[in-house]
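In the working numbering, the protein residues as written are 2 to 167.
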């Protein structure tokens, strides 16, 4: 699904992001849902950030990567821990790219949303900054997984994350 968010664009960057597994579920600007063997998966866009909610019989996993007022910025490279009785593995990278590469990555993500055939995908942009994107895609594998991308044109950054819950 490709969505244009009807909210003002607020510039941000990777250094402003907070990763957490204990933030309450926030209202989504747009979202995608999937039913998996591991439960129900919600891919939630929060503007220039995301929240993924995996609801399962042993409890919920709520991953938030967002600018959260009152929280100190923290985006780890890797996390591996037990959550709701499962193994949770998170990885994040921040790429510093040129303006041309920002546009190319944004085009790739829009094409991914338009061509989604197998897994739920959500790509959201802002009318005032069409290359400022937040994208989420469910991934099939051993357990339940998802990938996310946050494209920040003003800082020339692309934040990519991958998560697997087994």
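Don't be surprised by glycine CBs; every beta carbon is placed ideally from N, CA and C.
*Assuming residue 4 and residue 31 make a contact with CB atoms under 8 Å, what is their CB distance in whole Å?*
4 Å
_Close beta carbons around residue 56, own chain, < 7 Å, minus the five adjacent residues each side_ = Non-local C-beta neighbours of residue 56 in its own chain, meaning closer than 7 Å and more than five positions away in sequence, comprise 40 and 41, ordered along the chain.
*asked:* Quick check on this structure: which residue in 6, 146 and 133 has the alpha carbon closest to the alpha carbon of residue 1?
replied: Any answer about residue 1 is impossible in this case: the structure gives the chain only from 2 up to 167.
*Is the beta carbon of residue 14 sitting closer than 7 Å to the one on residue 29?*
Cβ distance not < 7 Å, so residue 14 and residue 29 don't count as in contact.
*asked:* Given this structure, state the Cα-to-Cα distance separating residue 82 from residue 54, to the nearest angstrom.
replied: 17 Å
*Helix, strand or coil at residue 161 [DSSP, three-state]*: Three-state result, residue 161: strand.
*Classify residue 56 as helix, strand or coil using the three-state DSSP reduction.*
strand
*Go through the region 65-124 residue by residue and report every complete run of the alpha helix (DSSP H) that reaches 4 residues or more, in order.*
At a cut-off of 4 residues, the continuous stretches assigned as alpha helix (DSSP H) that sit fully inside the region 65-124 are 100-115.
*Where does residue 133 sit, in a helix, a strand or coil, going by DSSP?*
strand
*Please report the Cβ distance between residue 17 and residue 74, rounded to the nearest whole angstrom; I am assuming they are in contact, meaning their Cβ atoms lie under 8 Å.*
6 Å
*Thinking C-alpha only, which one of 156, 52, 166 and 63 is nearest residue 95?*
For the residues 156, 52, 166 and 63, the minimum Cα distance to residue 95 belongs to 156.
*List the residues that DSSP assigns as beta-bridge partners of residue 149.*
Under DSSP, residue 149 forms a beta bridge with 137 and 162.
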